[in-house]
Amino acid sequence: MATAVPTAALPTPARAGPAPPRAPLRADPRYLTQLHAALIKSGELTASPKSFHSLLEAAAASPTLLPYAVSLFRLGPRPPPSTPCYNVLMRAFLHAGHPEDALHLFVEMLGAASACPDQHTVACVLKSCSRMCALDVGRGVQAYAIKRGLMADRFVLSSLIHMYASCRDVSAARLLFDAVEENGVVMWNAIITAYLKNGYWMEVVEMFKGMLEVGLAFDEVTLVSVVTACGRIGDAKLGTWVAGYVDEKGLVRSRNLMTALIDMYAKCGELGKARRLFDGMQSRDVVAWSAMISGYTQADQCREALALFSEMQLAGVEPNNVTMVSVLSACAVLGALETGTWVHSYIRRKRLPLTIILGTALVDFYAKCGCIDEAVEAFESMPVKNSWTWTALIKGMATNGRGREALELFSSMRKASVEPTYVTFIGVLMACSHSCLVEEGRRHFDSMTQDYGIKPRAEHYGCIVDLLGRAGLVDEAYQFIRTMPIEPSTVIWRALLSSCAVHKNVEIGEEALKQIISLNSHHSGDYILMSNIYASVGQWKDAAMIRKEMKDRGIEKTPGCSLIELDGVVFEFFAEDSDHPQLREIYQKVEEMIDRIKMAGYIPNTADVRLEVDEHEKEVSVSHHSEKLAIAFGLMKLDPGATIRLSKNLRVCTDCHSATKLISKVYNREIVVRDWNRFHHFKDGTCSCNDYW
DNA sequence: CTAGGGTTAG
């Protein structure tokens, strides 16, 4: 304890008599220890239980002084602790995140002669039960409250409702609520948050509307719950009404409410409105920043999310574990390895709690950046894992082409008695399809229903179609679709169409495209695949016709786009990019690259290019694909030994795939490319996908 | 001495 304050600066030692002035009773260790000493010296501490209580209360007010408060409570000289003294210390335990200590103190209190639990005690104990999800203890405390006649207390009742809500027993909470004669806003808030916590968002909105109808008073807390629920169900209308009310009543200073509104707007897709509220806040705490960042991440505006994260750091607000979840998932989407790695080291340096959610985000981030070893390391460093965590790693293994290891992980997961979900099986089946493990795939698909009672969804059927189709069993894949118990979706037909492209199957390809068009959600990629199928078997006229059809229907080709990160900044390249400051150098580098790999045997594959131009133009066009520009940029900017990592929005085309293999050899570089559904690790002239993608 | 609220992964 610090005692470096000169004696002259001390408050005058209290003589026996009136209680010491309240002014110095701030939670400042210097004043407190000095005052404590003075009270002992004057004998006042033992003489006046009030002084003791004040001192204890002051110490308990600050979490850093909690050990001091405890020793004050435990060690003499002091009067026997009264009921309020117990209550103060219990609340301090709860506040400091030690609900179990609060419970222990309650038990001790039951046997103490100097104190007897009152309504304050019971409310606090119930809150501890909420925090610990201790339903049985909570019920016991309720029985105690009934015996002691404390059930009429509004604080006891609302704490009890919260306890049941936290323990996922909403109906018990509702029974209590209904049993109360005159419910005020506090009780309404209790039941509303009970619904909110358990995901009954419609009920939250309904109850609020009911309050409005009968003209009941509501407050800020009510509105926070209502707005949060609006965000979850996408009820922008009610949410906007609340925003208007907040504006009108001048509640803009309420940070929690503003944060809830930001979250609501973001979840309803109104990022601009969310940002305007955020910018208008007088003070933004870590939760407000986190809400805005997660808004951008969830809206798939990951670059904005990262930009806001760096603004947050400039503003001097320390991120917490929740912030980092959103930041990491933005990094995962962008393939921003440097930024994410920095986040990981920050987490370690600041010892942020590696919760299941944060750990899972970390595993997912590394896996989505193609760093599967680091993903495994992160996985192993986690103290507690759940089904999501295992699933993230299994999926990561699958997309990185390590199907066998993914399946081994799945069996370890089962050994660890972690229940797989339907998503886990998507990962398992993806592992099989990316690694061409046909028999295993069929087996797991059957076992999913038989052994785990999980009904296959469209995604699973899609995986099987993909698995069979890519393995060359295109007819069987087609038959599989025809006998499926669900209506085949575009996704499923699209999987079939891509395998037709791999195996040059015109007939089934045509059928698949027909089905996709009839379902009315065709992409440019579907037409391009079909056109490529025709081109690959020499049906040039049909290929041209499909392209024309696409044009006539006004379907724009999705521009290819590649991302590459450099010194923590994510650069974006488009095919035929004309918007980069170092364009000339980049195109020069591309030319040099193409010349060098041509000497190593590269032959440009121009079969898939628009047909109305001459051969040279086709070659140039292919050489300006976004990933070639990005790789050239990487070669220019990165250290000679550094791995080039990029991620792109479409699938890698055949030409870029063979070119990249040769680049990895000629330039002696590892290149990792993430396309829209898997990874390619290029090294020494070969690719981890074994040309099977 | 008293409640209740906002941000989070596959």
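Under the working numbering, the residue at position 109 of the first sequence is numbered 110, and the numbers go up by one with no gaps. From the three backbone atoms N, C-alpha and C, an ideal C-beta is built for every residue, glycine too.
Original post:
Can the beta-carbon of alanine 407 be found closer than 7 Å to that of isoleucine 395?
Top reply: yes
Original post:
Can you name the start and end residues of the beta strand (DSSP E) that cysteine 562 belongs to?
Top reply: 562-567
Original post:
Near valine 187, what residues of its chain come up, given a Cβ to Cβ distance below 7 Å and the 5 sequence neighbours on each side ignored?
Top reply: Arg155 and Ser159
Original post:
So methionine 485 packs on tyrosine 462, CB below 8 Å; how close in whole Å?
Top reply: Yes, methionine 485 and tyrosine 462 are in contact; Cβ-Cβ is about 5 Å, under 8 Å.
Subject >> Boundaries of the beta strand (DSSP E) in which phenylalanine 574 is found, first to last residue >> reply: Phenylalanine 574 -> beta strand (DSSP E) spans 570-575.
Original post:
For proline 560, which of Phe574, Arg554 and Arg548 has the nearest alpha-carbon?
Top reply: Phe574
Subject >> Collapsed DSSP secondary structure at isoleucine 234 in the structure displayed >> reply: helix
Original post:
How is threonine 687 classed by DSSP in three states: helix, strand or coil?
Top reply: strand
Original post:
Under the DSSP definition of a beta bridge, which residues are partnered with arginine 646?
Top reply: In the DSSP assignment, the residues bridged to arginine 646 are Val673.
Subject >> Neighbour-count burial assignment, aspartate 692, 16 or more Cβ in a 10 Å radius >> reply: The residue is exposed, with fewer than 16 neighbouring Cβ atoms inside 10 Å.
**OP:** Have a look at isoleucine 664 and isoleucine 595 and give me their C-alpha separation to the nearest angstrom.
**Re:** 9 Å
Original post:
Taking buried to mean at least 16 other C-beta atoms within 10 Å of its own C-beta, is glutamine 320 buried or exposed?
Top reply: The sequence given here has proline at residue 320, not glutamine. Result: buried.
Original post:
Where does the unbroken alpha helix (DSSP H) through tyrosine 347 begin, and where does it stop?
Top reply: 338-350
Subject >> alpha helix (DSSP H) segments (min. 4 residues) lying fully within the region 385-467 >> reply: 388-400, 404-416, 423-435 and 439-453
Original post:
What are the start and end residues of each continuous alpha helix (DSSP H) run of 4 or more residues lying completely inside the region 496-563, in chain order?
Top reply: 507-519, 525-537 and 541-553
Original post:
Mind checking leucine 498: buried by the 16 CB within 10 Å criterion, or exposed?
Top reply: buried
Original post:
Out of curiosity, what's the CA-to-CA distance linking alanine 124 and alanine 70?
Top reply: Each residue's Cα considered, the two are about 21 Å apart.
Subject >> Spatial distance of phenylalanine 446 from alanine 417 (CA atoms) >> reply: 21 Å
Original post:
Does DSSP put histidine 658 in a helix, in a strand, or in coil?
Top reply: Assignment of histidine 658 by DSSP, reduced to helix, strand and coil, places it in the helix class.
Subject >> Residues near proline 118 in its chain [Cβ-Cβ closer than 6 Å; skip 5 each side] >> reply: Once the five neighbours on either side are set aside, the close Cβ partners of proline 118 are Met110.
**OP:** Spell out a yes or no on whether the region 184-201 and the region 220-227 are touching, meaning 3 or more CB-CB pairs, one atom from each, closer than 8 Å.
**Re:** yes
Original post:
Within 10 angstroms of its Cβ, does tryptophan 389 collect 16 or more other Cβ (buried), or is it exposed?
Top reply: buried
Original post:
To which residues of the same chain is isoleucine 162 closer than 8 Å at the C-beta, ignoring the five residues directly before and after it?
Top reply: Ala174, Leu177, Phe178, Met188, Ala191, Ile192 and Ala195
**OP:** State the Cα-Cα distance for the pair alanine 237 and cysteine 269, rounded to the nearest angstrom.
**Re:** 6 Å
Subject >> Among Arg140, Ser284, His524 and Tyr297, the one whose alpha carbon lies nearest that of lysine 274 >> reply: Tyr297
**OP:** State the start and end residues of the unbroken alpha helix (DSSP H) segment that holds asparagine 199.
**Re:** Element bounds for asparagine 199: n/a, residue is neither H nor E.
Original post:
Measuring CB to CB, does leucine 33 end up less than 7 Å from leucine 40?
Top reply: no
**OP:** Over the uninterrupted alpha helix (DSSP H) stretch that includes tyrosine 367, give me the two end residues.
**Re:** 357-369
Original post:
Taking the continuous alpha helix (DSSP H) assigned at lysine 250, which residues delimit it?
Top reply: Careful: lysine 250 lies outside any alpha helix (DSSP H) and carries neither H nor E.
Original post:
So, are the CB atoms of glycine 635 and lysine 666 less than 7 Å apart?
Top reply: Contact check for glycine 635 against lysine 666 fails: the beta carbons are separated by 7 Å or more.
Original post:
Under a three-way DSSP split, which group does phenylalanine 219 fall into?
Top reply: Residue state for phenylalanine 219 is assigned as coil, using DSSP reduced to three classes.
Subject >> Environment of tryptophan 391 [buried if 16+ CB atoms lie within 10 Å] >> reply: buried
Original post:
What does phenylalanine 680 pair with, by DSSP beta-bridge criteria?
Top reply: Arg675
**OP:** Please state whether DSSP places proline 25 in a helix, a strand or coil.
**Re:** Confidence is the limiting factor: at proline 25 the pLDDT is only 41, short of 50, which leaves the residue's position unreliable, though a coordinate-based value still follows. Of the three classes helix, strand and coil, the one that applies to proline 25 here is coil, per DSSP.
**OP:** List the whole-angstrom C-beta distance separating leucine 696 from tyrosine 87, where the pair is believed to meet the contact cut-off of C-beta under 8 Å.
**Re:** The requested residue 696 does not occur in the structure, where the chain is confined to residues 2 to 694.
**OP:** Kindly list the residues whose CB is nearer than 7 Å to the CB of leucine 252, restricted to its own chain and excluding five residues on each side of it in sequence; keep chain order.
**Re:** Hits under 7 Å: Glu221 and Leu258.
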